[in-house]
Every structure is written in structure tokens, then in C-alpha cells.
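**Q** From first to last, the protein sequence lines stand for chains A and B. Under this note's numbering, think of the first position of the first sequence as 1164, with each following residue one higher. Under this note's numbering, think of the first position of the second sequence as 157, with each following residue one higher. Take this structure first; my questions come after.
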Amino acid sequence: MSFQSRLTCLGACLALAAGAVSAADSDVARLTKDPKNWAMQAGDLNNHRYSELKQINSKNAKNLSVAWTFSTGVLRGHEGGPLVIGDTMYLHSPFPNKVFAISLEDQSIRWKYEPKQDPTVIPVMCCDTVNRGLAYANGKIFLQQADTTLVALDAKTGNEIWKVKVGDPKIGETTTNTPHIFKDKVLTGISGGEFGVRGRITAHDINTGKVVWKAFSTGPDQEMLMDPAKTMTWTDGKMAPVGPNSSLKTWQGDQWKLGGGTTWGWYSYDPELNTVYYGTGNPSTWNPRQRPGDNKWSMTIFARDLDTGMAKWVYQMTPHDEWDYDGVNEMILADIKVKGKPRKALVHFDRNGFAYTMDRVSGELLVAEKYDPVVNWATHVDMKSGRPQVVAKYSTDKNGPDVNTKGVCPSALGTKDQQPASYSPRTGLFYVPTNHVCMDYEPFQIEYTAGQPYVGSTLSMYAAPNSHGGMGNFIAWDAGTGKMVWSKPERFSVWSGALTTAGDVVFYGTLEGYLKAVDLNGKELWKFKTPSGIIGNVTTWEYKGKQYVGVLSGIGGWAGIGLAAGLTKGTEGLGAVGGYKDLAKYTELGGVLTVFALPER
Amino acid sequence: MKPSRLLLLMSLAGAMPAASAAPPAHPDDFPTSGRVEYVLECMQKHDGKYEYLYKCSCVVDRIARALSYDDYVAMSVALRNQSLAGERGGLFRDAASVKDMAGKYKEIETGANKACAVPQR
Chain A
1164 MSFQSRLTCL GACLALAAGA VSAADSDVAR LTKDPKNWAM QAGDLNNHRY
1214 SELKQINSKN AKNLSVAWTF STGVLRGHEG GPLVIGDTMY LHSPFPNKVF
1264 AISLEDQSIR WKYEPKQDPT VIPVMCCDTV NRGLAYANGK IFLQQADTTL
1314 VALDAKTGNE IWKVKVGDPK IGETTTNTPH IFKDKVLTGI SGGEFGVRGR
1364 ITAHDINTGK VVWKAFSTGP DQEMLMDPAK TMTWTDGKMA PVGPNSSLKT
1414 WQGDQWKLGG GTTWGWYSYD PELNTVYYGT GNPSTWNPRQ RPGDNKWSMT
1464 IFARDLDTGM AKWVYQMTPH DEWDYDGVNE MILADIKVKG KPRKALVHFD
1514 RNGFAYTMDR VSGELLVAEK YDPVVNWATH VDMKSGRPQV VAKYSTDKNG
1564 PDVNTKGVCP SALGTKDQQP ASYSPRTGLF YVPTNHVCMD YEPFQIEYTA
1614 GQPYVGSTLS MYAAPNSHGG MGNFIAWDAG TGKMVWSKPE RFSVWSGALT
1664 TAGDVVFYGT LEGYLKAVDL NGKELWKFKT PSGIIGNVTT WEYKGKQYVG
1714 VLSGIGGWAG IGLAAGLTKG TEGLGAVGGY KDLAKYTELG GVLTVFALPE
1764 R
Chain B
157 MKPSRLLLLM SLAGAMPAAS AAPPAHPDDF PTSGRVEYVL ECMQKHDGKY
207 EYLYKCSCVV DRIARALSYD DYVAMSVALR NQSLAGERGG LFRDAASVKD
257 MAGKYKEIET GANKACAVPQ R
């Protein structure tokens, strides 16, 4: 008996010891393992947007009905989605970035937080006053405000615990991304590629907000936390060190200081490799003639050590961008077979229209294929050099300023923007919301003024010609072969993040405002018209034995900026075209979270 | 600006007779929630006056006889989002296919408003 209990103690003590070892870690990784929660914006560290819940399945999804709704009372675009931990939901709003803690029992508001922010930040937000949601760890809620303040709140009371500022809106720096909690750190980025800001990410101590490390996308090696001898990149068919001054030598003079390469996307983290993955945005300006060179490391996939920030490997997808194909989209970590071989892969659906499968350990380029057949700016990615083969007639650089380059696919919105795809470990496939839109693009000469848009191009967009006439598709993708499995046409671009579940249901929202459930073959099972267009991400959770699915409605995207900025001409704001003066009144409802469940039998 | 405005007028005028022709077969499939949503918004636009319960119901019933619910949703969204600013709004403003949807919907709604004595707002 005593021997037995000693053995038991041994097990328990080991568990305790293991717990003690990782005491510095936050609890969020553990919380994401319980599918009743939705503890991170992407559901987990891998950006899977997948849930093990299966009460709602492909047979009964057609019965889904409204369980409850919640209005944020804020207009404009509602991106991201709620977090659910235990019996509480945490929900954010666009500027002024309200935070609500909502009881799942009766939807009463436990607490509300509304930061005081200078509204002059609004006109320097390029693409509407969106916010992509909150993060949670160790009893704290993290909010990345528009004015670049990162704040930690007590999850029980909503009281401020600490605050730090990570940028300066006066020079066009703003923030829209969710904070990412990896281990004992909170990571955040910066927006403002349209204002010539210099992109970077910062890692903060979750307890104090203190900056642990900061890594720029452009500039001198030490400021990028890059080791010329150890940071690797795909070179001539194999991995090789980047060498000294890998960024500096790809810019003219000190243009790298206004280089863009912002970091407002969805990061991921592999605990075994202790590596964080994220992408960088477009180089500034949009007029490529003004910034000769590859403009490194804009448009790049970064792999960094979480503890030190040192770059392990980098891969630039669109050297010398000529179309605003930001590389910030989600980095999805999946262990899949690539060309028959099991790999620890990183899968990334880039705005440039190529879906990349990388070896996330080594950084090798494995697959780069178009995930919309209309993509035409490059014929293919040369697998030896890793460079896209640009088609001369779609090169806005070759055609030059004040020349309208016509028929470029995709448009500057990309074949996909930030709205995150979903990965189902059950099928090994990726479910991807996409744009099916082409553009005419005309760059012009521009001077830099701090805090002013540094865009330098006008563009006009239209549905991909000679196709189904719609502006979007929802697709299933095999990242191991680089092939499309199916594609479901949509009338408008799909700007909502997807969700897959163990019930073999795939959810996504549309700009008409439909939340749709489809089966694994893309067959529509159910749709429901919510109050407004959906650009939020679908989430699911369980409370008291019942599975719920929720999504934010509230379109806006880049809406209202013309009004807020006091612009009077349609083309003044950032490639903005046409009139916004009669801003639709229907938005009075504000953003609404609509929550669905199966009816009681 | 002026020539394009003229063109728009001409295309609207051109489209008018088509609208008054016999409407195509349609399922009259608006869900109750879709009709209620329309009426609520329409009433709100007219200061919540009770008479608009009847007038706005009249409008949505007419629209439902002219369009399937799916087409109505897409076309009304196309019209609403004409006023979205920025690059994303360009998706709605620039694209001929979307402008076309918006234009047709506006025409149908204007006709229904007229028939139901609802002033255009």
C-alpha cells in the first residue's frame, strides 16, 4: 500500500515538478486545448481555426438558429471575434476599442472598458478603424488599441494592470492586430505601411509590459535581430546565410527608414521549436520606381526565436513589390505530407496569389502555387531562386509612373487579405476565403511627409474577367501538392475568417451578411442573414453542454475614413475612389455579434 | 465628371422601360425576418411614424415580387456599399457588375416607393 502511494506520489510530484518548470509560461496554451474555450483569436497557437466540438455537424447544421445577439454600439468594420474562457466571453469593438466581459449565463455585462484615445488617430488608419480582437493569459485581457497603446486588464474586473505605447500615431503609426500570447510573452506589431512607417514587432513581458526584444523588418542587421552568418534564407535551391547588410543593400540610400514592412497579421508559434512566425507588409511607397531594389525584408515570412527574437530564417515572397501585395496574412503551422514526405510545414496564403508551403524547421521552400487560376502578375515562382517570375506587361515599375497598368490579377486587396483561413487536421486540407478581383494600377510620384499617406498610386478594381462574374471564392486547398480541391463561387469577396469543426462543418461569412455552413465538399448546408456584412472571424465554444457558433457583423472595412479625414475628393484617401459622403444610415445598429445553437428537441 | 453623369442618366433612362415590362418568374421567397428587417429600417428612415408600418410593408412586398431574396440581398448590399470609403469600397464602386446591381435595385425600390407613397430618402 505504501509502495503504491509512493508510486502515485511519484507521478503527482513529477507532474508538479513539470508544472513548476513551465511556471513562467502562461496558461493560454493549456486553455486552448479544451475545446469548450476559444482562448485565442485563432483558437490555438498554430492558427488552425479548428475546433474539436461536434455537437453541430454536417447533418444537423441546417437546424441552427439564433441563440442570442449582442451589439457593440460601434459603427464601422468589425474584424476578429470573441474570446471565450470558461463562463465568460470577452469582446472588443473597433475604435474607440471598447472591451466587454459578458456572462455566458445571461449575457449580462460583467464589466466594460473604454480607453480614452485621441480621435486624431482615425485619419491615420489606412483601412478603417478595425481591431482584430483581444488576447487572454493568466487572468489578464490584452488589448492593442488603435493609438498603439498595448494594455493589460484584469480579466475579473476590467481594471488596468499595465499600459505601454508601441508606436506614435503622429508619424502614421497605428495598430489593428490582435496581441499574440506565446509562452511568457505578448507579441504585437504595427500598422501604417501607407504612411511610410518602419515595421517591427515587439515582445513584452506579460506581467509588466516591459519590452523584452524589438525586431525591425528593415535596416541594419542588429536592429532586425538578424545574424548574417546564422539567419538563413532560400538561395539557389538551398538554405544559405543571409550575409551582412541583407536589408540595407536592397534599398537606395536610407529609404529603409520609411520602408514599411509592417506587421499587422496573424502570428503563430511552435513550442517545440520555440519559434514564432509572422509576415511583413508592403514597402513604402506604393510607387515602385521611387524605391529601386528588392526592399528587404518587406513582403517576408519571418521565423524568430521567441526568447531572443533572433531571426532563424526569412523568405521574401514579393521582392520589390509593385502592387501592394502585403505579406502579413496568417502563418498556419501544420504537420502534413508535402509531395509524399511528412513535414513540419508552415502554410501561407499570400496576397500575391501564391500559396506557400515551407519547411518551418529549416525555412526551405517546398511548394508555391497559385490558389486562384486568374493570378497573372507572375507566371510562376522559380523554385530554385524562390523568386516570382514577373510578367512585363503587368509590371507597374516597368510601365512607370502615370501609366495605367491594366488587368493585373489579383488586385491590391490580394487573392486573400488578412481574413484567416482554417485548417482541419481531420482532412489535412485548408479552407480559404478569397478575393476574385483584378485591377488597373497607376503609380505617381510622391514626397514623404510624416503622418501623411505615402501611397502614390490610384487603382480601380473589378471582378476577375472571363470567370463566374462574382468577386470571391471560398476554396479548399491541398498544401502538400499545391492544388485546389474545390472552389465555391461567391458574388462578393469573402472577407470573413473561416472555421472548421470535428463535426465536419466549415463556416464562413459573406459581405451580404450571410453566415454559411458548408460540408467538406463545399456543399452549402445552411445560411443565415445577419444584420450586416461579415468581415469578422467565425468562432465556436461550448457552455453548459451546448455548442455555440458566433460571428461579428458590421462592415466598414475601410469605410468612413474619407469622412473622418475631412477629405472632399474621392481619390484623396489612399486609392480611395468615389463618394462616401452619403455614408449609409443602416449602420446605426452598430456591430452585432450573432450567436447560434441547435434548438432544443 | 460631366460626361459620366450624362452617361449615367442615359443608362438609367434606357433601363426604365425594361423595368416596367412583365417581371420574370420569381419565387416570392422573402423570409418574414427579411421583410421585418426592411420595414424596421424603412420606418426608422421616416422618423418611426406609424403610418410607415403600412407603407414600408407595401414597399417590401413589391420588392419581393420583383426579386428573389438572394438577389435582393446582393443587390441592396451593392447599393449600400457604394458609400464605403477607401480601397475596399472601390470593390463596390468600381466594378461594373456591382454598379449594375446597385442601379437595378435602386430603380426597383424607387418604383416601389412611388407606388406605396413613400418619399425617397
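The C-beta atom is built at its ideal place from N, Cα and C for all residues, glycine as well. Only a predicted model underlies this, so the values are computations on that prediction, with no experimental measurement involved.
Along chain A, which residues have their Cβ under 7 Å away from the Cβ of Gly190 of chain B?
**A** Those are Lys1692, listed as they occur along chain A.
**Q** Is the separation between the beta-carbon of Ser224 of chain B and that of Asp256 of chain B shorter than 8 Å?
**A** Their beta carbons are not under 8 Å apart, which means Ser224 of chain B does not touch Asp256 of chain B by this criterion.
**Q** Select from A:Asp1682, A:Gln1385, A:Thr1312, A:Asn1567 the residue whose C-alpha is nearest the C-alpha of Lys1222 of chain A.
**A** The shortest C-alpha separation from Lys1222 of chain A is found at A:Asp1682.
**Q** By the criterion of Cβ-Cβ separation under 8 Å, what are the contact partners of Gly1121 of chain A in chain B?
**A** Since the first residue of chain A shown is 1164 and the last is 1764, residue 1121 of chain A is not available in this structure.
**Q** So who's on the other strand from Tyr1430 of chain A, going by DSSP bridges?
**A** DSSP, once it has assigned bridges, lists no residue as partnering Tyr1430 of chain A.
**Q** What separation, rounded to the nearest whole angstrom, lies between the Cα atoms of Met1395 of chain A and Thr1481 of chain A?
**A** If I take the Cα positions, the gap works out to 17 Å.
**Q** Please list, in chain order, all residues of the same chain as Val1758 of chain A whose beta carbon is under 8 Å from its beta carbon, the five residues on each side excluded.
**A** So the list reads Val1229, Ala1230, Trp1231, Thr1232, Phe1233, Tyr1711, Val1712, Gly1713, once near-sequence residues are dropped.
**Q** Using CA coordinates, which residue listed in A:Ile1344, A:Asp1498, A:Arg1363 is at the minimum distance from Trp1460 of chain A?
**A** Of the candidates A:Ile1344, A:Asp1498, A:Arg1363, the one whose C-alpha sits nearest the C-alpha of Trp1460 of chain A is A:Arg1363.
**Q** Please work out which residues of its chain come closer than 6 Å, Cβ to Cβ, to Ile1304 of chain A, disregarding the five sequence neighbours upstream and downstream, and give them in chain order.
**A** The answer, listed in chain order, is Tyr1253, Leu1297, Leu1316, Ala1318.
**Q** What residue ranges within the segment 1337-1394 of chain A form continuous beta strand (DSSP E) runs of no fewer than 3 residues, ordered along the chain?
**A** DSSP runs (the beta strand (DSSP E)) wholly in the segment 1337-1394 of chain A: 1343-1345, 1348-1351, 1363-1368, 1374-1379.
**Q** Identify, in the order they occur along the chain, each residue of the same chain with its Cβ nearer than 6 Å to the Cβ of Val1349 of chain A, setting aside the five sequence neighbours on each side.
**A** If we look at Val1349 of chain A and ignore the five residues flanking it on each side, its Cβ neighbours are Phe1305, Pro1342, His1367, Ile1369.
**Q** In angstroms, rounded to a whole number, what distance separates the CA positions of Thr1520 of chain A and Trp1429 of chain A?
**A** Each residue's alpha carbon lies about 16 Å from the other.
**Q** Provide the residue(s) that pair with Tyr1586 of chain A in DSSP beta bridges, ordered along the chain.
**A** Tyr1586 of chain A is bridged to A:Phe1593.
**Q** Throw me the rounded Cβ distance for the Val1262 of chain A and Lys1275 of chain A pair, which I believe falls under 8 Å.
**A** Yes, Val1262 of chain A and Lys1275 of chain A are in contact; Cβ-Cβ is about 7 Å, under 8 Å.
**Q** Below 8 Å on the Cβ atoms is my guess for Trp1640 of chain A versus Leu1576 of chain A; work out the distance and round it to an integer in Å.
**A** Not quite, the Cβ-Cβ distance comes to about 19 Å (not below 8 Å), so this is no contact.
**Q** From Ile1324 of chain A to Val1314 of chain A, what distance separates their C-alpha atoms?
**A** The alpha-carbon atoms of Ile1324 of chain A and Val1314 of chain A are separated by roughly 8 Å.
**Q** Return no unless some Cβ of chain B is closer than 8 Å to the Cβ of Arg1654 of chain A.
**A** Taking Cβ atoms only, chain B reaches closer than 8 Å to Arg1654 of chain A, which makes this a yes.
**Q** Please report the distance separating the alpha-carbon of Trp1486 of chain A from that of Gly1422 of chain A.
**A** Approximately 15 Å, taken between the alpha carbons.
**Q** Under a CB-based cut-off of 8 Å, is Asp250 of chain B close to chain A?
**A** Chain A contact via Cβ: present.
**Q** Pick from A:Arg1212, A:Thr1251, A:Phe1258, A:Gln1552: whose alpha carbon is nearest that of Arg1239 of chain A?
**A** Here the closest residue by C-alpha is A:Phe1258.
**Q** Applying a beta-carbon distance threshold of less than 7 Å, which residues of chain A neighbour Ala230 of chain B?
**A** Neighbours of Ala230 of chain B on chain A, chain order: Arg1654, Glu1675.
**Q** Rounded to a whole number of angstroms, what is the C-alpha to C-alpha distance between Tyr228 of chain B and Trp1201 of chain A?
**A** If I take the Cα positions, the gap works out to 35 Å.
**Q** Assuming Tyr1432 of chain A and Phe1345 of chain A are in contact, meaning their beta carbons sit under 8 Å apart, how far apart are those beta carbons, in whole angstroms?
**A** Right, the Cβ-Cβ distance comes to about 4 Å (below 8 Å), so this counts as a contact.
**Q** Can you tell me whether Gly1249 of chain A is buried or exposed? The criterion is at least 16 other CB atoms within 10 Å of its CB, across all chains shown.
**A** Exposed, because fewer than 16 other Cβ atoms sit within 10 Å of the Cβ of Gly1249 of chain A.
**Q** Would you kindly report the start and end of the unbroken beta strand (DSSP E) that includes Ile1265 of chain A?
**A** Where Ile1265 of chain A is concerned, the enclosing beta strand (DSSP E) stretches over 1262-1266.
**Q** In chain order, what residues of the same chain have a beta carbon less than 8 Å from the beta carbon of Gly1330 of chain A, not counting five sequence neighbours either side?
**A** Answer for Gly1330 of chain A: Thr1311, Glu1336, Thr1337, Thr1338, Ile1353, Gly1355, Val1360, listed in chain order.
**Q** Assuming Ala1224 of chain A contacts Val1668 of chain A (C-beta within less than 8 Å), just tell me the rounded distance between them.
**A** Yes, Ala1224 of chain A and Val1668 of chain A are in contact; Cβ-Cβ is about 5 Å, under 8 Å.
**Q** What does DSSP give as the partner residues of Asn1636 of chain A in its beta bridges?
**A** DSSP lists A:Thr1597, A:Pro1652 as partners of Asn1636 of chain A.
**Q** Given a limit of 9 Å on CB to CB distance, which residues of the segment 1606-1639 of chain A reach chain B?
**A** Listed by position, the residues of the segment 1606-1639 of chain A near chain B (Cβ gap below 9 Å) are Leu1622, Ser1623, Met1624, Tyr1625, Ala1626, Gly1632, Gly1633, Met1634.
**Q** How close, in whole Å, do the beta carbons of Gly1717 of chain A and Gly1754 of chain A come, if the pair is a contact with beta carbons under 8 Å?
**A** With a Cβ gap of about 3 Å, Gly1717 of chain A and Gly1754 of chain A count as contacting.
**Q** On the DSSP bridge assignment, give the partners of Gln1307 of chain A in chain order.
**A** Answer is A:Leu1313, bridged to Gln1307 of chain A.
**Q** Quick one: give me the first and last residue of the alpha helix (DSSP H) that Gln200 of chain B is part of.
**A** From DSSP, the alpha helix (DSSP H) with Gln200 of chain B extends over 188-201.
**Q** Going by the DSSP bridge assignment, what does Tyr1253 of chain A pair with across the sheet?
**A** Partner(s): A:Leu1246, A:Ala1264.
**Q** So with CB distances below 8 Å, who are the chain B contacts of Ile1718 of chain A?
**A** Neighbours of Ile1718 of chain A on chain B, chain order: Asn237, Leu240.
**Q** Helix, strand or coil: how does DSSP classify Val229 of chain B here?
**A** If DSSP states are grouped into helix, strand and coil, Val229 of chain B belongs with the helices.
**Q** May I have the straight-line CA-CA distance separating Glu1386 of chain A from Thr1195 of chain A, to the nearest angstrom?
**A** Their Cα atoms are separated by approximately 33 Å.
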